[in-house]
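K.L.:
Take any residue in the sequence shown, count from 1 to its spot, add 2: that is its number in my numbering.
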Amino acid sequence: MVQKLSNISEVQVERAKFKPILPEVLKGAAACVNPVKGKPTQSVADQSNVKKFFKSTYGLPIITFKKGSNLSVKKKKPIKVAVVLSGGQAPGGHNVIAGLFDGLKKANKKNTLIGYLGGPSGILENKYKEINEKVLNEYRNTGGFDYIQSGRTKIETHEQFCSTKDNLAICHVDALVVVGGDDSNTNAAMIAEYLKQENIDKCVIGIPKTIDGDLKNQYVEISFGFDTATKIYSELVGNICSDANSSRKYWHFVRLMGRSASHIALEVGFKTQPNIVLIGEEILAKKMTLTKVIENIVEVVVKRSKIGKNFGIILIPEGVIEFIPEMKELISAINDVLAENADTVIQLSSTEDKRDFVCGKLPKKLSDLMAGLPSGIASQLILDRDPHGNVAVSLIETEKLLIEMIRKRLAELKKEEKYKGKFSTITHFFGYEGRCGIPSNFDANYTYALGYNAAILILNGFTGYMSYVRNLVKPPKLWECGGIPLTMMMNIEKRYGKEKPVIQKALIDLNGKPFKEFLKKRDEWAINENYIFPGPIQYFGPANITEMITRTLEYEHSKRR
Ligand code: FBP
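Written as structure tokens, this is what we have:
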């Protein structure tokens, strides 16, 4: 019986009783799961270059788990595993830990699990806690990463690899599980490679986490957290659609998280059917300038106004700014200036000084562009990059830039008597609201299976792999499990001015089914109020609501069927 503590909500009390469904193939102890090795693999691009960085772990075969007896696992001595949560929060992180813990204990009660605290810096500083069943039980099926917290430290220097090696040895850790997005899993691959080159027999396994949904491929059908986060954002956007449709006086500009990729905006678009959804990948492919993006939005605003509708909802992926060609060029040039002048920039205390310094180093065309931007946006563009070199898009108020430019254009049209409407705007940013919600049934099951599956990969001695659980449109019992080599997902990219192997981000495929479905619908959404109000995530009730998967996953699978 779960006790209701004073700081636990009624929903959490009920939610604690939820028992994740394990895929049939993982049921029973690891000794009942047989790993079948496929053919050697290649990285998705830049094969010979990627291979140079991963001399010992490149080209590993894909592992598929099948039911069958696996005696080698039975003979294993007790092992100690460490888990680290890396990067932004995503609903379901605690269930990864729970699945991993249960998988290890099922194999041998003496197996133990520790959690490094505060992300990868916990490994470097040797800060950890023992995962204990009683405490863990309070975190099962909950959102957040608060049990062991997260962080964005990157392990990349020789010294950092050495201290990772030393600290794993000090704690007698046999395997490390890195729960993270593309950058954190790139890090996991580097650690696996380093340990292998040093002849150290320890496993490193990655788990695909990120609400952004941009860590995916044929095996990793979706990263965990995307399902819950998009359901939360959809509820909020649906409510705004309802409000807009009731008062009919505001244009709502809603920026949504998702870093570079527009998967979140597209999924929320499907679930709520707003008037406009910008897709960064389309803007990039069509090389649409900022002026063109504005023109397209203005066209809808004017059309709606002509039929008396001075209101609407527009979804803006936070990463769109990086896809507009001139902004992309500007950001890339700023990245280079910041990388080349890191020592000077760090000395400058105010954002304005930094902005002026960077501006002075840019080619004229780009410094003119920067000068023409609202000063808030220009400053936000030069904010510190994260340790992986990414721009802090969650802090750039792109919606304000768009509004300012739309306003200017509408004023011109007014002068030319081509527009008579009223343009009142409200801005929203939904990001952090969605990252720590109580995981949906899908994410609760998926994350538990990913963790449990990671335990089985470790018990079989695999390293340099990502835990995968696929066939996700089917009920969890039928999900397929195994490991995909981390190097298989890599390509070479420029980071901090240097060529580096990194896991390739999965952006929206413009030839893919989800985008094509969107194209069929968007003109209709623009003019009419086809709004859908999805309401909150349902944890209890009819299965068609509680077990609902994302439209993106549905469409992607319908292509394969
Ligand atoms: P991950 O890629 O680490 O999962 O983080 C994703 C994300 O939530 C992005 O959507 C967002 O741009 C970014 O994190 C915000 O970073 P921070 O948490 O450091 O503010």
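Glycine included, each C-beta is placed from N, C-alpha and C at the ideal position.
Near L368, what residues of its chain come up, given a Cβ to Cβ distance below 6 Å and the 5 sequence neighbours on each side ignored?
P.N.:
Here residue 368 corresponds to residue number 366 of the sequence shown, with the count starting at 1. The residues are L332 and A335.
K.L.:
Can you tell me where the alpha helix (DSSP H) holding F517 begins and where it ends?
P.N.:
Counting from one through the sequence shown, the residue named residue 517 turns up at place 515. Where F517 is concerned, the enclosing alpha helix (DSSP H) stretches over K515 to I529.
K.L.:
What does a CB cutoff of less than 7 Å around V4 pick up in its chain, not counting 5 residues either side in sequence?
P.N.:
The residue you call residue 4 lines up with position 2 of the sequence shown. At V4 the pLDDT is 47, less than 50, meaning the model places this residue with poor confidence; the figure from the coordinates comes in the next sentence. Same-chain partners within the cutoff: V15, A18 and K19.
K.L.:
Kindly identify the DSSP beta-bridge partner or partners of T66.
P.N.:
Taking the first residue of the sequence shown as position 1, residue 66 is located at position 64. Looking at the DSSP assignment, T66 forms a beta bridge with V38 and G484.
K.L.:
For the ligand FBP, is there a heavy atom less than 7 Å away from the beta-carbon of V181?
P.N.:
Taking the first residue of the sequence shown as 1, we reach residue 181 at position 179. Answer for V181: no, Cβ out of range of the ligand FBP.
K.L.:
Can you tell me the Cα-Cα spacing of K6 and E140, whole angstroms?
P.N.:
In the sequence shown, counting from the first residue as 1, residue 6 sits at position 4. In the sequence shown, counting from the first residue as 1, residue 140 sits at position 138. At K6 the pLDDT is 46, less than 50, meaning the model places this residue with poor confidence and gives no usable figure here.
K.L.:
DSSP beta-bridge partners for V256?
P.N.:
Looking up residue 256 in the sequence shown gives position 254. In the DSSP output, where bridge partners are listed per residue, V256 has L317 and H430.
K.L.:
How far does the alpha helix (DSSP H) with C243 in it reach, from first residue to last?
P.N.:
Position 241 of the sequence shown, counted from the first residue, corresponds to residue 243. Where C243 is concerned, the enclosing alpha helix (DSSP H) stretches over F228 to S249.
K.L.:
How close, in whole Å, do the beta carbons of G271 and L217 come, if the pair is a contact with beta carbons under 8 Å?
P.N.:
For the purposes of this step, residue 271 is taken as the residue at position 269 of the sequence shown. For the purposes of this step, residue 217 is taken as the residue at position 215 of the sequence shown. Not a contact, Cβ separation roughly 21 Å.
K.L.:
Compare the Cα-Cα distances from K496 to each of N337, T465, N455 and F432 and report the closest residue.
P.N.:
As a position in the sequence shown, residue 496 is number 494, starting the count at 1. That would be N337, whose Cα lies nearest to the Cα of K496.
K.L.:
In terms of residue numbering, what span does the beta strand (DSSP E) encompassing N97 cover?
P.N.:
Along the sequence shown, read from residue 1 onward, the residue named residue 97 stands at position 95. It is not in any beta strand (DSSP E) - N97 instead sits in the alpha helix (DSSP H) that spans G95 to A109.
K.L.:
Using the C-alpha atoms, what's the distance from R154 back to E354?
P.N.:
Here residue 354 refers to the residue found at position 352 of the sequence shown. Here residue 154 refers to the residue found at position 152 of the sequence shown. Cα-Cα distance, rounded: 26 Å.
K.L.:
Provide the residue span of the alpha helix (DSSP H) that contains A341, from first to last.
P.N.:
Taking the sequence shown and counting its residues from 1, the one referred to as residue 341 is at position 339. It spans P327 to E342 - the alpha helix (DSSP H) in which A341 sits, taken as one unbroken run.
K.L.:
Taking 7 Å as the cut-off, does the CB of G90 come closer than this to any heavy atom belonging to the ligand FBP?
P.N.:
Position 88 of the sequence shown, counting from 1, holds the residue named residue 90. Yes, the beta carbon of G90 sits closer than 7 Å to at least one heavy atom of the ligand FBP.
K.L.:
For P42, tell me which candidate among T59, F55, L28 and F226 has the shortest Cα-Cα distance.
P.N.:
The count along the sequence shown starts at 1 and reaches residue 42 at position 40. Closest by alpha carbon: T59.
K.L.:
Tell me whether T159 is buried or exposed, calling it buried when 16 or more other Cβ atoms sit within 10 Å of its Cβ.
P.N.:
Within the sequence shown, the letter at position 157 stands for residue 159. Exposed, since its Cβ has fewer than 16 Cβ neighbours within 10 Å.
K.L.:
When the Cα of G537 is compared with those of G94, S236 and Y498, which residue comes out closest?
P.N.:
The count along the sequence shown starts at 1 and reaches residue 537 at position 535. Selected option, being the one with the closest Cα: S236.
K.L.:
Using three-state DSSP, classify V180 as helix, strand or coil.
P.N.:
As a position in the sequence shown, residue 180 is number 178, starting the count at 1. V180: strand per DSSP, three-state reduction.
K.L.:
Please tell me whether, using a cut-off of 7 Å, the distance from the CB of S396 to the nearest non-hydrogen atom of the ligand FBP is below it.
P.N.:
For the purposes of this step, residue 396 is taken as residue 394 along the sequence shown, with counting starting at 1. Indeed, a heavy atom of the ligand FBP lies less than 7 Å from the Cβ.
K.L.:
With DSSP collapsed to three states, give me the class of T293.
P.N.:
Here the question's residue 293 lines up with position 291 in the sequence shown. Helix at T293.
K.L.:
Start and end of the alpha helix (DSSP H) containing K417?
P.N.:
For this step, residue 417 is matched to residue 415 along the sequence shown. Taken as a continuous stretch (DSSP letters only), the alpha helix (DSSP H) holding K417 covers T400 to K417.
K.L.:
Kindly indicate which three-state DSSP category P210 falls into: helix, strand or coil?
P.N.:
Here residue 210 refers to the residue found at position 208 when the sequence shown is read from its first residue. Looking at P210 - three-state DSSP - the assignment turns out to be strand.
K.L.:
Tell me whether the stretch 121-135 and the stretch 460-474 touch, counting them as touching only if at least three CB pairs, one residue from each stretch, are closer than 8 Å.
P.N.:
No, because fewer than three Cβ pairs between the stretch 121-135 and the stretch 460-474 fall closer than 8 Å, the two stretches do not touch.
K.L.:
Strictly by DSSP, which residues pair up with S152?
P.N.:
Translated into positions along the sequence shown, residue 152 becomes position 150. L87.
K.L.:
Do the stretch 291-302 and the stretch 531-548 make contact, defined as three or more Cβ pairs closer than 8 Å?
P.N.:
Result no; under three Cβ-Cβ pairs closer than 8 Å.
K.L.:
State the beta-bridge partners of E495 as determined by DSSP.
P.N.:
Counting from 1 along the sequence shown, the entry for residue 495 is found at position 493. Per DSSP, K502.
K.L.:
Could you tell me if I309 is buried or exposed, where buried requires 16 or more neighbouring beta carbons within 10 angstroms of its beta carbon?
P.N.:
Counting from 1 along the sequence shown, the entry for residue 309 is found at position 307. Exposed is the call here.
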